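There are 2 protein chains.
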Amino acid sequence: MNHKNIIRSIVSVTFAAGISAASLPAFANWEALPEVAPAPKDNPTTAAKVELGKMLYMDPRISSTGTVSCNSCHNIMEGGDDSRPVSMGVHGKTGGRSAPTVWNSAFYSVQFWDGRVDLLEDQAKGPITNPVEMGEPDHDHTMAKIKAIPGYKPYFEKAFGSDSMTIDNLAKAIAAFERTLITPNSAYDRYVKGDKKAMNAQQIRGMETFAQAGCTSCHSGAAFNGPKMPFGKGFYAKFPTFTDNKYSKQYNLMADKGREAATGKAADAHMFRVPTLRNITDTAPYFHNGSVNDLSEAVRLMAKVQLNKDLSDKEVADIVAFLGALTGPYPEITMPRLPATSGKSLVAGE
Amino acid sequence: MNHKNIIRSIVSVTFAAGISAASLPAFANWEALPEVAPAPKDNPTTAAKVELGKMLYMDPRISSTGTVSCNSCHNIMEGGDDSRPVSMGVHGKTGGRSAPTVWNSAFYSVQFWDGRVDLLEDQAKGPITNPVEMGEPDHDHTMAKIKAIPGYKPYFEKAFGSDSMTIDNLAKAIAAFERTLITPNSAYDRYVKGDKKAMNAQQIRGMETFAQAGCTSCHSGAAFNGPKMPFGKGFYAKFPTFTDNKYSKQYNLMADKGREAATGKAADAHMFRVPTLRNITDTAPYFHNGSVNDLSEAVRLMAKVQLNKDLSDKEVADIVAFLGALTGPYPEITMPRLPATSGKSLVAGE
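Residue numbers (the working numbering), protein chains in the order written: chain A, 1 to 350; chain B, 1 to 350.
Okay, here's the thing in structure tokens:
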């Protein structure tokens, strides 16, 4: 399969997602990550929202058991996920897909593996009431708890004005915080900006191999998750595309029908949002089902099931080295102090 | 029961714990919390240990599932515990006793509710292999994981020298970090040091009531957890002492035999380490079984079951106000960056 065919394949993918071929990036148009993440018009990122959002992001009392915060599965002290194939929520329950990293999630135009919501604001609400994640019965229950924590009120007021303790504002604050969780200035970014010593020889070779093999057909753009799109327009790819190989069965890649489960459309079968490759060295295990626990194997698999190519061990090693140049640096973050409910626990009965 | 009788009762408690009556504190000898916590001779607190210890304390990969860190049950963004009656460990399993706060745990001379180990170093090892906490099969398994994280090695070397990646040093580092988790300079501390405006009128009244009622018989000393003792000598009290009241049954206070389960001695039945009252407004629910979720009720109960006194609502409110003066301020802590295992997860198969 040559590059023209790959691009044709992507065009059809892109059309399926409802965008025009004209918005496709040039082949291997290397971009550094912006220093500031985009935000939707109705939720500009402010310091007050970020401060509140960080508290809410780290607060396990949002969950029914008081044990699961956003950070439990999207750990910002690590690669922004949880090192597990699938996450473990309240009462030790496990979900069906691997937690995507929160780092640079601000650069996605849709959220979740299947792109079923547009914005981080929408995403933040989902896990709260998911029975295998935070397990809350409904958002009213959650907001009753948040309102019962007196220390949160002034932070909501500062961020959103008076009478603003709503689930929508909770989600806006969390999303605003998440938009600060970005990692510009990786070795790759510095290289692209002109510091030719930022990457070593193997990483530069891997970058070339990455492009020549066709990885950039999908993993393009500043976050290596496809071309820049308006919020709500997703960039999807069929995974796996080539199934006549050992991997589909070995890693059970066909079990999850991806976006079809969200849209009900047969055309969306096995379509997944193209994930970012930034910080991928820190986010094992890999893929929507977390079935591959080795980045080299993940690279080899991708070349085969998406491009029908057999990479040599050297090519794999070079690409893995290049991917390492996409990791970090992570900003230093101060722990929030979670406001107390004086002399009373909100989750004691759960 | 007058104060003399209370003190006599405490003396017998103290003898039971193997210390002399001479080491009892003067009645209501108010002390501010030291600015530095004591450390055992073989583990002086150093910046390198604290830095490593903070990383290990926050690292959920120590647990079998990759979901439970020390911080999960002893959350330093909150009151140093988890807001739950009993904690939830791996696979949603729950334990038998409520997680004590880590804040100021450095000022205990023994650890755990039953004082079954002497030092924070010993304590840190326990939950790792507890099947309902971190669920590791053994410490060798844990250390194999830690050794497989390349980024930890230089931190161990800086803290303990070469070839130092052992479970004992892991525990020493965590303990060193925990010795920095102290909260001097609360309103109470400032008051005791001479700032007479640091506490309000109700808090001062509550402080007097607290002493006059006899609470200081056990809750004495800088951390309100009894007199200063050498490491390994515990300060215990029988709880409940008076059982001819509604509380023992209502809150199931007799089910747990306390220190007897650790020593096998009938004399230790229902003996518990006297817990600190610092930051108690932030550590609901209360008692070894987490059965009381209201600080006012906890104060009323304590007066009855330990002192056989019926406090008035005003006395309870005043004491609760005073206890609020023992809370915080908490130091600002930067999140550690947990070193990655590049391209591979250590807990993917768990």
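C-beta atoms are modelled at their ideal positions from N, C-alpha and C, and glycine is treated no differently.
All values reported here derive from a predicted model rather than from experimental measurement.
CB of B:Leu33 within 7 Å of CB of B:Trp103, strictly: Residue mapping note: residue 33 of chain B aligns to position 33 of the second sequence, counting from 1. Residue mapping note: residue 103 of chain B aligns to position 103 of the second sequence, counting from 1. Result no, Cβ atoms of B:Leu33 and B:Trp103 do not sit closer than 7 Å.
Beta-bridge partners of A:Gln111, as assigned by DSSP: Working through the first sequence from its first residue, we reach residue 111 of chain A at position 111. Answer is A:Val117, bridged to A:Gln111.
Buried versus exposed call for A:Met254 [16 or more other C-beta atoms within 10 Å across all chains shown]: By one-based count along the first sequence, residue 254 of chain A stands at place 254. Per the 10 Å Cβ criterion, exposed.
Contact belief for A:Phe224 with A:Leu311 at Cβ below 8 Å, rounded distance in angstroms: Residue 224 of chain A sits at position 224 when you count from the first residue of the first sequence. Residue 311 of chain A sits at position 311 when you count from the first residue of the first sequence. No, A:Phe224 and A:Leu311 are not in contact; Cβ-Cβ is about 18 Å, not under 8 Å.
Test: A:Ser98 CB closer than 7 Å to a CB of chain B: As a position in the first sequence, residue 98 of chain A is number 98, starting the count at 1. No, A:Ser98 lies away from the interface with chain B (no Cβ there is under 7 Å from its Cβ).
Beta-bridge pairing of B:Val292 - partner residues as DSSP gives them: On the second sequence, residue 292 of chain B is found 292 positions in, with the first residue counted as 1. DSSP output for B:Val292 lists B:Tyr286 as bridge partner(s).
Under 7 Å by beta carbon: chain A residues contacting B:Asn293: Taking the second sequence and counting its residues from 1, one reaches residue 293 of chain B at position 293. Here the neighbours are Lys344, Ser345, Ala348.
Cα-Cα separation between A:Asn169 and A:Glu157, rounded to whole angstroms: Translated into the one-based positions of the first sequence, residue 169 of chain A becomes position 169. Translated into the one-based positions of the first sequence, residue 157 of chain A becomes position 157. Distance from the CA atom of A:Asn169 to the CA atom of A:Glu157, rounded to whole angstroms, is 10 Å.
A:Lys93 versus B:Gly92: straight-line alpha-carbon distance, rounded: The count along the first sequence starts at 1 and reaches residue 93 of chain A at position 93. The count along the second sequence starts at 1 and reaches residue 92 of chain B at position 92. Each residue's Cα considered, the two are about 8 Å apart.
Own chain partners of B:Glu133 with C-beta closer than 6 Å, once the 5 adjacent residues on each side are dropped: Against the second sequence, residue 133 of chain B aligns to sequence position 133. Correct list, in chain order: Gly89, Pro127.
Length of the line joining the Cα atoms of B:Val11 and B:Ile204: Within the second sequence, residue 11 of chain B is the residue found at index 11, counting from 1. Within the second sequence, residue 204 of chain B is the residue found at index 204, counting from 1. Only weak support is given to the placement of B:Val11: the predicted model assigns it a pLDDT of 34, under 50, and the value that follows is read from those uncertain coordinates. About 28 Å.
Beta bridge counterpart(s) of B:Phe272 as assigned by DSSP: For the purposes of this step, residue 272 of chain B is taken as residue 272 along the second sequence, with counting starting at 1. B:Ala237, per the DSSP bridge assignment.
Between the CA atoms of A:Glu78 and A:Thr281 - distance to the nearest angstrom: As a working mapping, residue 281 of chain A is identified with position 281 in the first sequence. As a working mapping, residue 78 of chain A is identified with position 78 in the first sequence. Using only the alpha carbons, I get a separation of about 11 Å.
Neighbour flag for A:Gly92 against chain B, beta carbons, 7 Å: Residue mapping note: residue 92 of chain A aligns to position 92 of the first sequence, counting from 1. Output row for A:Gly92: interface = yes.
Limits of the alpha helix (DSSP H) - the one that A:Cys73 falls within: As a first step, residue 73 of chain A is located in the first sequence; it is residue number 73 there, counting from the start. In the DSSP assignment, A:Cys73 falls within the unbroken alpha helix (DSSP H) covering 70-73.
Proximity winner among A:Thr183, A:Asn130, A:His288, A:Ala284, relative to A:His270 (alpha-carbon distances): Looking up residue 270 of chain A in the first sequence gives position 270. Closest by alpha carbon: A:His288.
Short Cβ contact (7 Å threshold) for B:Thr183 with B:Gly324: By 1-based counting over the second sequence, the position of residue 183 of chain B is 183. By 1-based counting over the second sequence, the position of residue 324 of chain B is 324. Result no, Cβ atoms of B:Thr183 and B:Gly324 do not sit closer than 7 Å.
Own chain residues within Cβ distance below 6 Å of B:Ile146, not counting five before or after: Looking up residue 146 of chain B in the second sequence gives position 146. So the qualifying residues of the chain are Tyr152.
Which of helix, strand or coil DSSP assigns to A:Gly95: Within the first sequence, residue 95 of chain A is the residue found at index 95, counting from 1. Of the three classes helix, strand and coil, the one that applies to A:Gly95 here is coil, per DSSP.
Through-space distance from A:Phe210 to A:Ala321, alpha-carbon basis: Residue numbering aside, residue 321 of chain A sits at position 321 when the first sequence is read from its first letter. Residue numbering aside, residue 210 of chain A sits at position 210 when the first sequence is read from its first letter. Taking the Cα positions, A:Ala321 is about 11 Å away from A:Phe210.
C-beta atoms of A:Ala284 and B:Ser345 nearer than 7 Å: Walking along the first sequence from the start, residue 284 of chain A turns up at place 284. Walking along the second sequence from the start, residue 345 of chain B turns up at place 345. Contact: yes.
Limits of the alpha helix (DSSP H) - the one that B:Ser153 falls within: Working through the second sequence from its first residue, we reach residue 153 of chain B at position 153. The sequence as given places Lys at residue 153 of chain B; Ser does not occur at that position. Start and end: 152-160.
DSSP state of B:Met134 mapped onto helix, strand, coil: As a position in the second sequence, residue 134 of chain B is number 134, starting the count at 1. When secondary structure is reduced to three states using DSSP, B:Met134 falls in the coil class, being assigned neither helix nor strand.
6 Å CB neighbourhood of B:Lys49 in its chain, flanking five on each side removed: Against the second sequence, residue 49 of chain B aligns to sequence position 49. Taken in chain order, the residues that qualify are Ala159, Ala173, Ala176.
First through last residue of the alpha helix (DSSP H) which encompasses B:His139: The residue you call residue 139 of chain B lines up with position 139 of the second sequence. Residue range 139-147 is occupied by the alpha helix (DSSP H) that includes B:His139.
Chain-ordered chain A contacts of B:Ile333 [CB-CB under 8 Å]: Working through the second sequence from its first residue, we reach residue 333 of chain B at position 333. Against chain A, the beta carbon of B:Ile333 has neighbours under 8 Å at Thr334, Met335, listed in chain order.
8 Å contact criterion, which A:Ala37 and A:Ala106 should meet: CB distance rounded: Numbered from 1 along the first sequence, position 37 holds the residue referred to as residue 37 of chain A. Numbered from 1 along the first sequence, position 106 holds the residue referred to as residue 106 of chain A. Taking C-beta atoms under 8 Å as the contact rule, A:Ala37 and A:Ala106 qualify, at a distance of about 3 Å.
Cβ-based contacts, 8 Å cut-off: residues of the stretch 306-321 of chain A near chain B: Residues are counted here when their Cβ sits less than 8 Å from a Cβ of chain B; for the stretch 306-321 of chain A these are Val320, given in chain order.
Proximity test, Cβ basis, 7 Å: B:Thr65 and chain A: For the purposes of this step, residue 65 of chain B is taken as the residue at position 65 of the second sequence. Yes, because at least one Cβ of chain A sits closer than 7 Å to the Cβ of B:Thr65.
Element boundaries [alpha helix (DSSP H), containing B:Leu323]: The count along the second sequence starts at 1 and reaches residue 323 of chain B at position 323. It spans 313-324 - the alpha helix (DSSP H) in which B:Leu323 sits, taken as one unbroken run.
Boundaries (first-last residue) of the alpha helix (DSSP H) holding A:Asp373: With chain A represented from 1 up to 350, any question about residue 373 of chain A goes unanswered, as that position is not in the structure.
Straight-line gap, A:Ser20 to A:Ser87 (C-alpha atoms, nearest Å): The residue given as residue 20 of chain A occupies position 20 in the first sequence. The residue given as residue 87 of chain A occupies position 87 in the first sequence. With a pLDDT of 34 at A:Ser20, under the threshold of 50, the predicted position of this residue should be treated as unreliable, though the coordinate-derived value follows. Computed Cα separation, rounded: 35 Å.
Partner residues on chain A for B:Pro227, Cβ-Cβ distance less than 7 Å: For the purposes of this step, residue 227 of chain B is taken as residue 227 along the second sequence, with counting starting at 1. What B:Pro227 touches in chain A: nothing, since even the nearest Cβ is about 26 Å away.
Residues in the stretch 265-282 of chain B having any Cβ partner in chain A nearer than 7 Å: Flagged, chain order: Thr281, Asp282.
Selection of the stretch 38-61 of chain A by Cβ proximity to chain B, strictly under 9 Å: Contact residues of the stretch 38-61 of chain A toward chain B are Met55, Met58, Asp59, Pro60, Arg61 (C-beta to C-beta distance below 9 Å).
N-terminal and C-terminal residue of the alpha helix (DSSP H) that B:Thr263 is part of: Taking the first residue of the second sequence as 1, we reach residue 263 of chain B at position 263. Unbroken alpha helix (DSSP H) run through B:Thr263: 260-263.
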